[in-house]
Amino acid sequence: MDMIVVQISSDLLSGAFTLAVIAGGLLLLGGLVSFGVFIYRSVKGDGMRDPQEVAPEKATDSDEVTEGNPDDEWDYY
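Okay, here's the thing in structure tokens:
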């Protein structure tokens, strides 16, 4: 009876180890692909952008929003 329990627990542990190795490999592959995409976009010129930089399509707003005073509760009206 003890040999059956040892064999089943050994099979479960080896299966769990196999799943952990597969999951780790997939995570590593995903990280490498993400890093490759980041490098490609950085070299191409579409990579990281300054969040303070105004996008060209947003330069002309025609939605009639006005900026409030510095002491106002609302920033825009």
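Residue numbering for the sequence shown follows my numbering, beginning at 27 and increasing consecutively.
Quick reminder that beta carbons are idealized off the backbone N, C-alpha and C, glycines included.
C-alpha gap between residue i and residue j, whole angstroms
i	j	result
K70	D37	49 Å
G51	F43	12 Å
L58	V47	16 Å
L53	S60	10 Å
L55	P96	50 Å
Q78	A49	38 Å
D76	L45	41 Å
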